[in-house]
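Take the position in the sequence shown, starting the count at 1, then add 210; the result is the number in the numbering used here.
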Amino acid sequence: MEIFKKSKWEFNKRNNREEKKDWWYECKNDFEKNINLLFSKFIPEGLGEDEDKENKDKYLQLVIKEFENLKIKWQNFFDSVKKRNERFLEDLRNCGFNVKPLTARCPWRLVIGLGASHPQETSMTLHHIYGIPYIPGSAVKGITRHWAVLKFAEEKAKLEGKSFEDSIKEIAKALDDGNDLPLFLDNIEFKKVIEIFGTQKQVGKVIFMDAYPLDDINLKIDIMNVHYPDYYSGEKPPADWQNPKPVKFLTVENTTFQFYLISRENVLLNIAEKLLKEALKGHGIGAKTSLGYGLFSL
């Protein structure tokens, strides 16, 4: 009962009756909201027979509206999150760790966790406590490792005359197993890459922290079109007369993130920073990177 549906009606002189022109979801303002719960657990009210609009667009608009309200009221809260992370990093420095900060801005759009399970089909990763968008450390490490695999696979294919695809498999397996290869690229030895990311039997020597937004967080609704819905549902072959079904999803737009790398060894830390910068600029992080999503400027 905290979330309800409101409608706007206008009188139609031609039909001589009141007609619904628009509708939207609203939240009562007398209770605290966690945007992650609102986004991932909220089940919208069903639509009546006279309502021909899908409710996903309205639902995402509600999430953005409530997030904007929280940004105004919770500036002190966001500052507290930042200070908590700074205290944590200072404790690590006192324990002998080196901390390498990296600030990067995503000038276009970013979506992490698009394919995760969600009541509204398309998801986005929000912090389960803070309720804000962030990039998990596992994603930061994963894209950095993937970039390293691509770099060394390209070099291996060039030196040995193999296909790029086969070289990727060999480099990835060597990293998984911890097998050193006689490769040296951009002043980086392959064995240093193994030390950075670790193996199934050995912990990596560089820690990739979660990346949090630094300044204004901008949530936007984006759209992708499924041009052959009957084909993807397994009912009919693809054909031009099938009506596209737009799918709305939530993204973060034009937002700066703060990354942190941590290690006791400065050499490995510098290599990891170089690989992360290249990965963010050249490959991107999250979903739909081939379309330009998730690319960062440094």
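The C-beta atom is built at its ideal place from N, Cα and C for all residues, glycine as well.
**OP:** Output the boundary residues of the beta strand (DSSP E) element that contains ARG474.
**Re:** Taking the first residue of the sequence shown as 1, we reach residue 474 at position 264. DSSP places ARG474 in no beta strand (DSSP E); its state is neither H nor E.
**OP:** Identify, in the order they occur along the chain, each residue of the same chain with its Cβ nearer than 6 Å to the Cβ of MET334, setting aside the five sequence neighbours on each side.
**Re:** In the sequence shown, residue 334 corresponds to position 124, counting from 1. VAL321, GLY323, LEU460.
**OP:** Thinking PHE277 and LEU424 are a contact (beta carbons under 8 Å), I'd like their distance in whole angstroms, please.
**Re:** Translated into positions along the sequence shown, residue 277 becomes position 67. Translated into positions along the sequence shown, residue 424 becomes position 214. A Cβ-Cβ distance of about 17 Å is found for the pair PHE277 and LEU424, leaving them out of contact under the 8 Å criterion.
**OP:** Go ahead and label VAL350 buried or exposed: buried means 16 or more other beta carbons lie within 10 angstroms of its beta carbon, across all protein chains shown.
**Re:** Working through the sequence shown from its first residue, we reach residue 350 at position 140. Counting Cβ neighbours within 10 Å, VAL350 comes out buried, since at least 16 surround it.
Original post:
Would you call ARG303 buried or exposed, if buried means 16 or more other Cβ atoms sit within 10 Å of its Cβ?
Top reply: Here residue 303 refers to the residue found at position 93 of the sequence shown. The residue in question, ARG303, is exposed, as its Cβ has fewer than 16 Cβ neighbours within 10 Å.
Original post:
CA-CA distance, LEU369 and PHE287?
Top reply: For the purposes of this step, residue 369 is taken as the residue at position 159 of the sequence shown. For the purposes of this step, residue 287 is taken as the residue at position 77 of the sequence shown. Between LEU369 and PHE287, the C-alpha separation is close to 53 Å.
Original post:
Is the distance from the Cβ of LEU270 to the Cβ of LYS243 below 8 Å?
Top reply: Translated into positions along the sequence shown, residue 270 becomes position 60. Translated into positions along the sequence shown, residue 243 becomes position 33. The answer is no: Cβ separation not under 8 Å.
Original post:
Hey, how far is the Cα of LYS310 from the Cα of LYS216?
Top reply: Position 100 of the sequence shown, counted from the start, is the residue given in the question as residue 310. Position 6 of the sequence shown, counted from the start, is the residue given in the question as residue 216. So the two alpha carbons sit approximately 49 Å from each other.
**OP:** Could you please give the first and the last residue of the uninterrupted beta strand (DSSP E) stretch that includes ILE433?
**Re:** Residue numbering aside, residue 433 sits at position 223 when the sequence shown is read from its first letter. Counting along the chain, the beta strand (DSSP E) containing ILE433 begins and ends at 429 to 436.
Original post:
Between GLU220 and PHE469, what straight-line distance do the alpha-carbon atoms span, to the nearest angstrom?
Top reply: In the sequence shown, the residue the question calls residue 220 occupies position 10. In the sequence shown, the residue the question calls residue 469 occupies position 259. For GLU220 and PHE469, the distance between alpha carbons rounds to 51 Å.
**OP:** Using the Cα positions of LYS529 and CYS237, report the straight-line distance between them to the nearest angstrom.
**Re:** Nothing can be reported for residue 529, as the shown portion of the chain is limited to 211 through 508.
Original post:
Quick one: what's got a C-beta closer than 6 Å to SER507's C-beta in the same chain, skipping five residues either side?
Top reply: Position 297 of the sequence shown, counted from the start, is the residue given in the question as residue 507. Closer than 6 Å at Cβ, skipping near neighbours: ARG315, PRO317.
Subject >> Where LEU508 falls: helix, strand or coil (DSSP) >> reply: Reading the sequence shown from its first residue, position 298 is the one you call residue 508. Three-state DSSP puts LEU508 in coil, outside helix and strand.
**OP:** Kindly indicate the opening and closing residues of the beta strand (DSSP E) around VAL416.
**Re:** The residue labelled residue 416 in the question sits at position 206 within the sequence shown. The continuous beta strand (DSSP E) containing VAL416 extends over residues 416 to 418.
Original post:
Whose C-alpha, out of ASP450, ILE342, ALA382, is nearest the C-alpha of GLY408?
Top reply: Here residue 408 refers to the residue found at position 198 when the sequence shown is read from its first residue. If we check each option's Cα against that of GLY408, ALA382 comes out closest.
Subject >> Cβ neighbours of LYS218 in the same chain (closer than 6 Å, five flanking residues each side left out) >> reply: Looking up residue 218 in the sequence shown gives position 8. Once the five neighbours on either side are set aside, the close Cβ partners of LYS218 are LYS231, ASP232.
Original post:
Cβ of SER333 less than 8 Å from any chain D Cβ?
Top reply: Among the protein chains of the structure shown there is no chain D, as only one such chain exists.
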